[in-house]
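Undergrad: Got a structure for you, questions after.
Residue numbers (the working numbering): 1 to 234.
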């Protein structure tokens with residue numbers, strides 16, 4: 001609106017908007033390895049934005065969890081991790097549904113969204129051998145030898161195979177329903193001015209919506225089992 005916003009103002013406004021949402025699961029960087037020395041950059045305590053899962057030491061501990069900035073951290077319902085171990089050929093086939101930092105457990109972004117949407121309680125989620133049980137639902141796990149664990153020895157890393165539904169493009173079209181943020185912002189402005197919006201907000205009723213970046217130059221692009229020509233995904 002022609003006014004200047006300093007970064008703290010913008011950050012706080014974003015945190016307030018997230019707090020008004022019905023539910024939100026935000027990404028936490030689980031690849032962070034910490035800093036040398038006096039821990040001046042020690043990550044914030046994220047324990048208040050997870051649930052008291054009790055899954056045991058068999059869950060992998062890849063690194064230090066780096067949560068969003070403090071104001072945003074306080075606004076979210078739950079955190080989800082981004083740890084994606086690639087197979088030896090560089091392909092993304094599997095992901096840990098949970099990781100841990102010490103005795104605290106963090107679901108992946110997708111599993112976290114499912115937990116919130118399904119209303120699952122921590123005591124309804126249990127690790128039973130090579131499977132996770134969510135009430136009456138079972139998620140099979142793959143045990144892969146992993147030398148990069150916190151004990152320094154070889155152990156099994158428990159991951160789940162990613163259930164790809166389609167490549168990112170089919171016949172040049174996106175098979176997944178998607179919206180450009182600019183169209184959503186324009187629709188919000190139209191609604192505020194009493195106009196018919198470009199995108200109907202009713203499309204999002206009772207839906208899980210993932211927000212992410214997809215643009216040229218972004219380095220987070222992964223090869224999937226669907227092939228490099230049509231299957232690479234952000």
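Glycine included, C-beta positions come from ideal geometry on N, C-alpha and C.
#1: By the three-class DSSP mapping on this structure, what secondary structure does residue 127 have?
#2: State the Cα-Cα distance for the pair residue 66 and residue 164, rounded to the nearest angstrom.
#3: With H, G and I counted as helix, E and B as strand and the rest as coil, what does DSSP make of residue 47?
#4: Look at the Cβ atom of residue 157, then the Cβ atom of residue 11, and state whether they are nearer than 7 angstroms.
#5: Measure the C-alpha to C-alpha separation of residue 168 and residue 198 and round it to an integer number of angstroms.
#6: Roughly how many angstroms lie between the CA atoms of residue 129 and residue 63, to the nearest whole one?
#7: Within 8 angstroms, do at least three Cβ pairs link the region 105 to 120 to the region 47 to 55?
#8: Applying the criterion that 16 or more other CB atoms from any shown protein chain within 10 Å of the CB defines a buried residue, is residue 204 buried or exposed?
#9: Confirm, please, whether the CB-CB distance from residue 142 to residue 159 is below 7 angstroms.
#10: On the CB-based measure, 16 or more other CB atoms within 10 Å of its CB, does residue 171 come out buried or exposed?
#11: Figure out for me which residue from 110, 26, 166 has the closest Cα to the Cα of residue 71.
#12: Looking at the strands, I want to know which residues DSSP matches up with residue 104.
#13: Which of the three DSSP states is assigned to residue 140 in this structure?
TA: Short version:
#1: On the chain shown, residue 127 is found 127 positions in, with the first residue counted as 1. In the displayed model, residue 127 falls within a strand according to three-state DSSP.
#2: Within the chain shown, numbered from 1, the residue matching residue 66 stands at position 66. Within the chain shown, numbered from 1, the residue matching residue 164 stands at position 164. About 27 angstroms.
#3: Within the chain shown, numbered from 1, the residue matching residue 47 stands at position 47. Judged by DSSP in its simplified three-state form, residue 47 adopts helix.
#4: If you number the chain shown from 1, residue 157 lands on position 157. If you number the chain shown from 1, residue 11 lands on position 11. In this structure, residue 157 sits away from residue 11, with a CB-CB distance that is not shorter than 7 angstroms.
#5: Indexing the chain shown from 1 puts residue 168 at position 168. Indexing the chain shown from 1 puts residue 198 at position 198. Taken atom to atom, the span from the alpha-carbon of residue 168 to that of residue 198 is near 24 angstroms.
#6: Translated into positions along the chain shown, residue 129 becomes position 129. Translated into positions along the chain shown, residue 63 becomes position 63. Approximately 23 angstroms, taken between the alpha carbons.
#7: These segments touch.
#8: Numbered from 1 along the chain shown, position 204 holds the residue referred to as residue 204. Taking all protein chains shown into account, residue 204 has fewer than 16 neighbouring C-beta atoms within 10 Å of its C-beta and is therefore exposed.
#9: Taking the chain shown and counting its residues from 1, the one referred to as residue 159 is at position 159. Taking the chain shown and counting its residues from 1, the one referred to as residue 142 is at position 142. Taking C-beta atoms as the reference points, residue 159 and residue 142 count as a pair closer than 7 angstroms.
#10: Here the question's residue 171 lines up with position 171 in the chain shown. Residue environment analysis places residue 171 among the exposed positions, since fewer than 16 neighbouring C-beta atoms fall within 10 angstroms of its C-beta.
#11: Along the chain shown, one-based indexing puts residue 71 at 71. Comparing Cα positions, the closest option is 26.
#12: As a first step, residue 104 is located in the chain shown; it is residue number 104 there, counting from the start. Under the DSSP definition of a beta bridge, residue 104 partners with 101.
#13: Taking the chain shown and counting its residues from 1, one reaches residue 140 at position 140. Residue 140: strand per DSSP, three-state reduction.
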